[in-house]
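Trainee: Under the working numbering, the sequence shown has 45 at position 36, and the numbering climbs by one with no breaks.
Don't be surprised by glycine CBs; every beta carbon is placed ideally from N, CA and C.
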Amino acid sequence: MKLICIGRNYVDHIDELKNEKPSSPVIFLKPDSAVILKNHPFFIPDYSNDVHYEVEVLIKIKKLGKSIDVKFSHTYYDEIGLGIDFTARDLQSELKKNGLPWEKSKAFDGSALIGKWVNKNEFNDLNNLNFSLKKNGTIVQFGNTSNMLWFIDELISEVSKFFTLKIGDVIFTGTPSGVGKVSENDLFEGFINEKQFFSIKSK
Ligand code: MG
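Set out below in structure tokens:
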């Protein structure tokens with residue numbers, strides 16, 4: 010099982026990090042060792058002084074696929090989730106500056122929170138989902154999937170050009186603005202519409 014993550018998929022987040030708008034989706038991977046085990050906290054790694062939270066809508070792949078046409082993308086998933094792409098921002102900035110791969114800052118152990126899964130039929134329109142992240146009870150990130158540069162079905166098609174999608178693979182679809190620093194003993198709670206998808210503390 011692999012995690013396929015999309016970077017720079019919301020213009021407001023591209024602007025807050027002063028990145029350039031990409032002409033095709035920015036894609037990176039996390040290994041399965043990045044997934045936070047059930048009921049475990051997020052452990053802040055000791056090699057970073059500036060780990061950020063990035064709340065993202067998730068898609069779970071349900072069948073094998075390669076070079077999927079956009080019009081068939083919807084047949085490759087039934088479940089929608091919400092998670093956090095934890096990022097060692099200081100390390101990532103250093104790697105970006107030097108033109109190096111991001112993995113050490115993005116794909117480290119415990120860098121991926123996957124909340125609960127819900128059948129996509131529970132939602133009227135996947136391209137118009139409100140989602141949010143609360144930190145210590147205050148909303149710090151709020152997004153709507155209508156603001157994605159590439160929608161879910163487009164992402165599945167694009168990703169599958171490069172990587173064969175397998176059952177159980179998870180796509181992280183990118184984060185809206187509002188990313189910020191994780192401190193010890195923060196409580197993070199994620200929501201799509203009013204429904205809670207996760208609750209996790211940092212250590
Ligand atoms: Mg992200």
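Distance check for Asp-162 and Asn-18, CA to CA, integer angstroms please.
Mentor: Asn-18 and Asp-162: Cα-Cα distance of roughly 13 Å.
Trainee: Does the beta carbon of Gly-187 fall short of 7 Å from some heavy atom of ligand 1?
Mentor: Not so, every heavy atom of ligand 1 lies at least 7 Å from the Cβ.
Trainee: Answer yes or no: do Asn-136 and Thr-147 have a C-beta to C-beta separation smaller than 8 Å?
Mentor: Not closer than 8 Å, so no.
Trainee: Would Ile-209 and Phe-51 be called neighbours here (beta carbons separated by less than 8 Å)?
Mentor: Against a cut-off of 8 Å, the Cβ pair of Phe-51 and Ile-209 comes out as a contact.
Trainee: Of the residues Glu-198, Leu-196, Val-191, which one's Cα is nearest the Cα of Asp-99?
Mentor: The shortest Cα separation from Asp-99 among Glu-198, Leu-196, Val-191 belongs to Val-191.
Trainee: To which residues of the same chain is Asn-145 closer than 7 Å at the C-beta, ignoring the five residues directly before and after it?
Mentor: Excluding sequence neighbours, Asn-145 sits near Asp-195, Leu-196.
Trainee: State buried or exposed for Pro-110, treating a residue as buried only when at least 16 other CB atoms are found within 10 Å of its CB.
Mentor: Label assigned to Pro-110: exposed.
Trainee: By alpha-carbon positions, which one of Asp-59, Lys-106, Phe-151 ends up nearest to Glu-193?
Mentor: It is Asp-59 whose Cα lies nearest to the Cα of Glu-193.
Trainee: In whole angstroms, give me the CA-to-CA distance for Val-216 and Ile-13.
Mentor: In the structure displayed, the chain extends from 10 to 212; residue 216 sits before or after that span and is not available.
Trainee: Excluding five sequence neighbours on each side, which residues of the same chain lie with their C-beta closer than 7 Å to the C-beta of Glu-88?
Mentor: Same-chain partners within the cutoff: Lys-69, Trp-126, Val-127, Asn-128, Lys-129.
Trainee: Under a criterion of Cβ closer than 5 Å to any non-hydrogen atom of ligand 1, which residues qualify, in chain order?
Mentor: Output, sorted by chain position: Glu-63, Asp-94, Thr-184.
Trainee: Take the Cβ of Asp-9 as the centre, count every other Cβ of all protein chains shown within 10 Å, and call the residue buried at 16 or more, exposed below.
Mentor: The shown model of the chain, from 10 to 212, leaves out residue 9, and the question about it has no answer.
Trainee: Between which residues of its own chain and His-83 is the CB-CB distance below 7 Å, once the five residues before and five after are set aside?
Mentor: Asp-162.
Trainee: Measuring CA to CA, which of Leu-26, Val-79, Lys-72 is closest to His-61?
Mentor: Out of Leu-26, Val-79, Lys-72, Leu-26 has the C-alpha closest to the C-alpha of His-61.
Trainee: Which of the three DSSP states is assigned to Glu-63 in this structure?
Mentor: The answer is coil: DSSP assigns Glu-63 none of H, G, I, E or B.
Trainee: Sort Val-64, Thr-173, Asp-41 by Cα distance to Asn-139 and report the nearest one.
Mentor: Considering only alpha carbons, the answer is Val-64.
Trainee: Who are the near neighbours of Ala-97 in its chain, counting only those whose CB is closer than 6 Å to its CB and skipping five residues on each side?
Mentor: Taken in chain order, the residues that qualify are Ser-57, Val-60, Ser-114.
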